[in-house]
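Notes follow once the structure below has been shown.
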Amino acid sequence: MTRLTRWEWRALIAALALLAGLRIAVAQLLKLPIESDGEAYLLMAQVMAQGGPPADQYGQFAFYSIGYPLLLTPFVALFGGGIGTIVFANAILALISGCLVFSVARAMGLRPIHAVLAVGLFALWIPGLWNSAQAAKENFSTPLLLLLLLATLILARGGGLRWAAIAGVAYGMGLLTGGSTLLLFAIPLLAIAIGRRGDLKKALAQCGVCGASAAAMLAPWLLATTLALGSPVLNSNGGFNLYLGNNPAATGRFVSIADTPAGADWEKLRAKRGEIGASDELADRAKAHILEHPLDTLLLAGKKLVLFWVPNLPDAQDFADAPLIAQLRILEVTQFLLLVVGGGLGLATSVSDRRGAWLCTGTIGLFWVLHAAAYIIVRYRDPIMPILLIGATALSVRLAEMLRQKRLAHVS
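If you're matching positions, the sequence shown starts at 1433 in our numbering and goes up one per residue.
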């Protein structure tokens, strides 16, 4: 890559300042309450900041993924457990994500100024503004996925052991933050195969380093859950989520456990069998439902994959409750559709590094298909949206260049 000129550095700094400034300003404007998953993450961070084991509002050790509250812990220890601390930590993560958007765009062949444009568009990405105002794990899973993708792109060009280690660290931390990245182990391995084709020894060494780095990230938490719960688990919600997505009341979107057949005895089950035993029981019920209704399960899985890409349209109640936010949601829908269509076309036609474009497409595909197993919440797709944003930037640049060439030809 070419070095940035002074003007390009200034443009990048301005885009990053816009990114952080907008997120902090919107968070201050919205003043969203800390609730649900966010409340659990904050409570876990508060307990760990005081030197104790993580515990959510229900006293569970590992029901919620540990990655995001672990990241929040030093911030909470230094600045307290208020929403201001959350916003500050999220702003730092947003800056890291912005730097990674720039780096991934450059690795995909975009010129520096066009990569800066991608950062500027990322600053205006509305779901990122929502996330910055609350304790959402997507604030952390987004830069982790971008770091994994950056390492993958560099490995595909022959990057060395350092980048294999970075890919492993990003993958391991991604699993600790949420299970949606589970299938993405295949992407850096494919990149190593591409970058080291014909050199089996180096390829195996890089795969080993990648795997060892991921294991080093996971091992301490797996040991902790073994000591605390008797089983090495990333979290204890796998069976719970599988059941919510595969039971007679499942719709494809999130359904409260209280609205399922298991709702009546869920609290008793959790008290009797513990968080892992209760989740295992729900997993067994989900598997039984799947085996008894294979066609319905297949159709529902397809519906989930469609719902993953459905715009987040506000309804009449949203307009009644918060008209300004509902109007912004309309703008978000427009932005989302432009990113999906433009990003897909950009990856297909406008990214100069074709191997990189295919690796990006594979990353999106593997991240997407895993969500057919459980249920869909709109923010689950947020970590992969910056990839489509870069693709849309590449398409915009290509269209602008085509228009410029057409005008020059007309003038001549």
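Beta carbons: idealized from backbone N, C-alpha and C, even for Gly. Bear in mind the structure is a predicted one, so any value in this text is a computation, not a measurement.
Are Ser1573 and Val1519 touching if we call contact CB-CB under 8 Å? no
Less than 8 Å separating the beta-carbons of Ala1449 and Leu1661? Not a contact, by the Cβ cut-off of 8 Å.
So, at 8 Å on beta carbons, what are the nonlocal neighbours of Arg1830 in its own chain, with the 5 sequence-adjacent residues on each side left out? Gly1778, Thr1781, Ser1782
Where do the N-terminal and C-terminal ends of the alpha helix (DSSP H) with Ala1439 fall, by residue? According to the sequence as given, residue 1439 is Trp; it is not Ala. Its alpha helix (DSSP H) spans residues 1438 to 1462.
Let me know the secondary structure DSSP gives Arg1685 once reduced to three states. Strand.
Rounded C-alpha distance that separates Ala1487 from Lys1569: 16 Å
Inter-stretch contact (C-beta, 8 Å, three-pair minimum) for the segment 1782 to 1795 and the segment 1718 to 1732: no
Could you check which residue in Gly1670, Arg1685, Leu1771 has the C-alpha nearest to that of Leu1607? Gly1670
Give, in chain order, every unbroken run of the beta strand (DSSP E) that is at least 3 residues long and sits entirely within the segment 1505 to 1541. none
Among Leu1636, Asn1678, Leu1579, nearest to Phe1534 - alpha-carbon criterion: Leu1579
So what's Ile1809 in DSSP terms, helix, strand or just coil? The answer is coil: DSSP assigns Ile1809 none of H, G, I, E or B.
Ends of the alpha helix (DSSP H) at Gln1767? Per DSSP, Gln1767 belongs to the alpha helix (DSSP H) from 1755 to 1781.
Using the Cβ count rule (16 or more neighbours within 10 Å means buried), how would you classify Ile1445? exposed
Using a 10 Å radius around the Cβ and a threshold of 16 neighbouring Cβ atoms, would you call Tyr1490 buried or exposed? exposed
Would Ser1668 and Gln1482 qualify as a contact pair, given that the criterion is a beta-carbon distance under 8 Å? Result no, Cβ atoms of Ser1668 and Gln1482 do not sit closer than 8 Å.
Would the beta-carbon of Val1536 fall within 8 Å of that of Ile1822? Yes, the pair counts as a contact, with Cβ atoms nearer than the cut-off.
Can you tell me whether DSSP reads Arg1435 as helix, strand or coil? coil
By a C-beta neighbour count over all protein chains shown, 10 Å radius and 16 as the cutoff for buried, is Ala1696 buried or exposed? exposed
Measuring alpha carbon to alpha carbon, tell me which of Ser1612, Gly1706, Ala1752, Glu1713 ends up nearest Tyr1807. Ser1612
Using DSSP with H/G/I as helix, E/B as strand and the rest coil, what is Phe1735? In the sequence as presented, Phe is not what sits at residue 1735; that position holds Lys. In this structure, Lys1735 counts as helix in the three-state DSSP scheme.
Expressed to the nearest angstrom, what Euclidean distance is found between the alpha-carbon atoms of Asp1814 and Pro1664? Straight-line spacing of the CA atoms in Asp1814 and Pro1664 works out to 28 Å.
From the DSSP output, in three-state form, read off Phe1845 for me. There is no way to answer for residue 1845, as the model of the chain reaches only from 1433 to 1844.
Every unbroken alpha helix (DSSP H) inside the segment 1557 to 1621 [4 residues or more]: 1558 to 1564, 1570 to 1588, 1593 to 1609
Run of the alpha helix (DSSP H) containing Phe1554, from where it starts to where it stops: 1544 to 1555
Just to confirm my understanding: we take Thr1505, look at its own chain, exclude 5 residues before and 5 after, and list those with CB closer than 6 Å. What are they? Answer for Thr1505: Ala1477, Met1480, Ala1481, listed in chain order.
Beta-carbon separation (whole angstroms), Cys1639 vs Leu1621, contact threshold 8 Å: 6 Å
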